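Under this note's numbering, the first residue of the sequence shown is numbered 195, with each subsequent residue one higher. Structure first, commentary second.
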Amino acid sequence: MRTAGGFDTDALARLRAHRRWSVFWVVGYLPFGFALFYGGAPPASGAVILMAWLVVGLWSLFRLRLHECPRCGLLFYAASTWRSTNMSMPFTGHCMHCGFDLDSSDLEPIV
Ligand SMILES: [Zn+2]
């Protein structure tokens with residue numbers, strides 16, 4: 195849904211949710227690995243599970259990179275599809291182009 199000013203609130207909700215999941219997959223990798231190791235998981239299956247976790251985390255980061263900014267419409271975390279990426283992703287909440295803050299409630303479009 196778009197606000198009267200053309201701000202895409204659905205895209206904002208999707209981006210926020212995807213960002214949370216990406217942080218979960220990236221930050222959770224190490225604690226999950228330790229839990230498997232110290233929890234006594236069989237080494238072979240533990241390694242397979244960790245590799246699957248890593249693949250999901252990397253896939254989540256790749257998909258997050260393709261999100262468009264709800265305010266300016268450009269890629270939120272990348273200069274362009276095949277160019278540089280914001281290296282602090284997915285932990286930053288600011289658009290690489292217009293500086294829109296994901297945690298702010300300011301839904302004003304660019305003037
Ligand atoms: Zn933007």
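By construction, the Cβ of each residue, glycine as well, lies at the ideal position given by its N, Cα and C atoms. These figures come from a predicted structure and were not determined experimentally.
By the beta-carbon neighbour count (other beta carbons within 10 angstroms, threshold 16), L224 is exposed. Here the distance from the Cβ of F226 to the nearest heavy atom of ligand 1 is not below 7 Å. Secondary structure of H261 (DSSP, three-state): coil. Shown here, L269 sits in a strand according to DSSP, grouped into three states. For A235, there is no enclosing alpha helix (DSSP H), as DSSP marks it with neither H nor E. Per the DSSP secondary-structure output, H288 pairs in a beta bridge with D295.
Residue environment: Y271 is assigned as buried (16 or more neighbouring CB atoms within 10 Å of its CB, all protein chains considered). The C-beta separation of F285 from C263 comes to about 17 Å, leaving the pair out of contact by the 8 Å criterion.
Cβ-Cβ distances below 7 Å link S254 to W215, S216, W219 in the same chain, with the five nearest sequence neighbours on each side left out; the list follows chain order.
Spanning the alpha carbons of W276 and F256 requires a straight line of approximately 12 Å. According to the DSSP assignment, T203 belongs to the alpha helix (DSSP H) that extends over 203-221.
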